[in-house]
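Undergrad: Quick one: the structure is below, and I'll ask about it shortly.
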Amino acid sequence: MTRKKRGFLILLMIFILLVSIGCQKKEQDTTDIQAFADPMAENILIAINQENYQEFVKDLSDKMQSELSEEIFDTQMVALKDIIGDYQEGSKEMLTTEDVDKNLIRVIYNTQYTNEKENVIVTVVFNKDENNRKIEGFFMNSPKLQKM
Numbered sequence: 001m002t003r004k005k006r007g008f009l010i011l012l013m014i015f016i017l018l019v020s021i022g023c024q025k026k027e028q029d030t031t032d033i034q035a036f037a038d039p040m041a042e043n044i045l046i047a048i049n050q051e052n053y054q055e056f057v058k059d060l061s062d063k064m065q066s067e068l069s070e071e072i073f074d075t076q077m078v079a080l081k082d083i084i085g086d087y088q089e090g091s092k093e094m095l096t097t098e099d100v101d102k103n104l105i106r107v108i109y110n111t112q113y114t115n116e117k118e119n120v121i122v123t124v125v126f127n128k129d130e131n132n133r134k135i136e137g138f139f140m141n142s143p144k145l146q147k148m
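For the sequence shown, full-length UniProt numbering begins at 1 and goes up steadily by one.
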């Protein structure tokens with residue numbers, strides 16, 4: 001084997017190794033994110049179904065809790081449920097995760113609701129503080145919600 005071919009093979013092996021390490025890291029990152037994000041997202045969606053304010057706010061940041069009174073929650077959740085119905089428990093599927101900045105991570109889910117034929121996209125924004133993980137943002141979007 002010539003020196004050129006050997007050098008090319010070594011570079012090719014290094015490239016393949018780096019790509020596989022990068023893929024493993026991405027896979028691991030998603031698994032780590034799902035470990036905290038999925039239970040918190042499921043809890044908030046079920047709390048809306050049950051119209052349970054205390055369960056809904058338990059994982060919210062202090063700022064979000066202060067901006068969302070129980071009265072506002074009750075009014076918005078009744079309106080939301082009139083439009084798209086109830087969340088079909090366990091139907092959420094993580095579509096993507098992305099860093100918003102050095103302190104926040106956005107997780108986007110595809111979910112199913114009883115009165116919405118199309119998917120409902122749920123976006124949950126978490127802080128990155130592993131010792132005090134909280135929800136910093138929560139958004140929903142679907143064809144019926146866009147018509148509001």
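Glycine included, C-beta positions come from ideal geometry on N, C-alpha and C.
Computed from a predicted model, the values in this text were never measured in an experiment.
1) DSSP on residue 68, reduced to helix/strand/coil?
2) Hey, how far is the Cα of residue 113 from the Cα of residue 132?
3) Does the separation of the CB atoms of residue 135 and residue 45 fall below 7 Å?
4) In chain order, what are the residue ranges of uninterrupted alpha helix (DSSP H) at least 4 long that sit wholly in the UniProt domain "DUF3887" (41-138)?
5) Short check: CB of residue 97 to CB of residue 33, under 7 Å?
6) Using CA atoms only, rank isn't needed, just tell me which of 64, 68 and 127 is closest to residue 104.
7) Residues in its own chain within less than 7 Å of residue 138 by CB, not counting five upstream and five downstream?
8) Considering Cα atoms alone, identify which of 92, 130, 30 and 51 is closest to residue 81.
9) Measuring only between beta-carbons, confirm whether residue 103 sits less than 7 Å from chain C.
10) If you measure between the beta carbons of residue 110 and residue 84, is that distance less than 7 Å?
11) For the putative contact between residue 77 and residue 48, defined by C-beta atoms under 8 Å, what is the C-beta separation to the nearest angstrom?
12) Starting from the Cα of residue 86, find the closest Cα among 54, 130, 140 and 40 and give me that residue.
13) Residue 70 and residue 53 - do their beta-carbons sit closer together than 7 Å?
14) Should residue 93 go down as buried or exposed, given a rule of 16 or more other Cβ atoms within 10 Å for buried?
TA: Looking at the atomic coordinates:
1) Residue 68 falls in the coil class under three-state DSSP.
2) Residue 113 and residue 132: Cα-Cα distance of roughly 30 Å.
3) no
4) 53-57, 62-67 and 70-84
5) Yes.
6) 127
7) 44 and 124
8) 51
9) No chain C is part of this structure, which consists of one protein chain only.
10) no
11) With 8 Å as the limit, residue 77 and residue 48 qualify as a contact, their Cβ atoms being about 5 Å apart.
12) 140
13) yes
14) exposed
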